[in-house]
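Reading through the structure tokens given below for one structure.
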Amino acid sequence: MARGCVVKWPLGELGIRSLWPAGSPAPVPWSRSTCAAPRAPWSGCTQHEPCEPNLASARHSTLCIKPASRFQGASTYVERAGQLHLLVSEAEGARPRHVSCFSAHGPRGVALFLQASPQRDIGRRTASFQYELLSNQSAAGPDLKKMALAEAMCRPCDNMELLMAICSSDFVLKGSIRSVSHDPENHMSQVDVRVQKVYRQKNQIFQREEGSGEWRGPIQTLFQCKVKKGGGDFLFTGNEHFGEAWLGCAPRFKDFMLVYQAARERGANPCEFELN
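Number 271 in full-length UniProt numbering belongs to position 271 of the sequence shown; there are no gaps in the numbering.
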């Protein structure tokens, strides 16, 4: 029997509240549990415990979900004002960069519904997606490029933005550009970086390659920024979205040093930065 799941997110919490057979007018109550990782998997809604992360509501206003590359067997809907709106169809689940974002606030909370698709066989199909909670941002469109606009700035950062970036970014590193590739269809570009020093990284996106021993990693940005390969060393900063590094401020390293040292002499640096 085909089943569906409903994910409730009242006041900043995300969790599965019930499941129902396809075509049934009322959901069947189901259990709840807590999970730490921002990933919500189901396999026919029978093999996995439901997830409800412990998340504070005050800082978050937008919820984004990204289906796994092997998302199968279901379509995802969001409930707004008593109406269901399609977020991800089963066909769209195969798109590797498909991200849907929507406002996480409402008078009665927000609910996600996963409606299982009828199947002609008994093979296992898994509907799995990751989610991110974004703060101080309006609900974005269905593309990852829109969600990352705040980080993928096409204009150079001013001095204060740069000083704040080294304090608050998910990754901060010194390196040079190995290559730049463009994907006009998806409006994205990728900068492959040769890393000299990792000052900070939230996850292990930038790693040492076996054989060469060099630290390398990819950074995403918007195609409209028209990023080109440049010589010399840069300070790369930015944030992570769904396991990918997105470019923020990226000045030449020598220019960054001048800005930081001048701010430090004035006592205007918002945080201490490791210079050596």
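Glycine included, every Cβ here is placed at the ideal spot set by N, Cα and C.
Please read these numbers as outputs of a predicted model, since none were measured by experiment.
- V227 is the residue among M257, L134, V227 whose C-alpha sits nearest the C-alpha of D183.
- The closest CA to that of C225, considering only L87, P156, L63, R80, is found on P156.
- Rounded to the nearest angstrom, the gap between the Cα atoms of P270 and L173 is 18 Å.
- Per DSSP, the continuous beta strand (DSSP E) segment holding F102 begins and ends at 100–103.
- Within the model, the alpha-carbon separation for L114 versus S179 is close to 40 Å.
- For D192, the three-state secondary structure derived from DSSP is strand.
- Counting C-beta pairs with one atom in each stretch, the stretch 256–265 and the stretch 190–199 have fewer than three that are closer than 8 Å, which means they do not touch.
- Fully enclosed alpha helix (DSSP H) runs of no fewer than 4 residues occupy 253–266 of the stretch 236–271, in order along the chain.
- The beta carbons of L235 and F206 sit about 14 Å from each other, so the pair does not count as a contact at 8 Å.
- Ranked by Cα distance from K66, the options H85, E132, E79, A116 are led by E132.
- DSSP places Q72 outside both helix and strand once states are collapsed to three, so it counts as coil.
- The three-state secondary structure of I65, taken from DSSP, is strand.
- As a beta-bridge residue in DSSP terms, E132 pairs with C64.
- In the three-state DSSP reduction, I166 falls in the helix class (H, G or I).
- In this structure, N203 places its C-beta atom within 8 Å of the C-beta atom of E240.
- Counting only residues of its own chain and dropping the five nearest sequence neighbours on each side, V88 has a CB closer than 8 Å to the CB of I65, P67, F71, S75, T76, H98, S100, F129.
- Spanning the alpha carbons of V78 and S69 requires a straight line of approximately 20 Å.
- The C-alpha of E90 is placed about 44 Å away from the C-alpha of D233.
- Between S169 and T62, the C-beta spacing is not below 8 Å.
- Collapsing the DSSP output to three states places P218 in a strand.
- Residue state for F171 is assigned as strand, using DSSP reduced to three classes.
- At least 8 Å separates the beta-carbon of R200 from that of F242.
- Around the beta carbon of Q83, a 10 Å sphere encloses fewer than 16 other beta carbons of the protein chains shown; the residue is thus reported as exposed.
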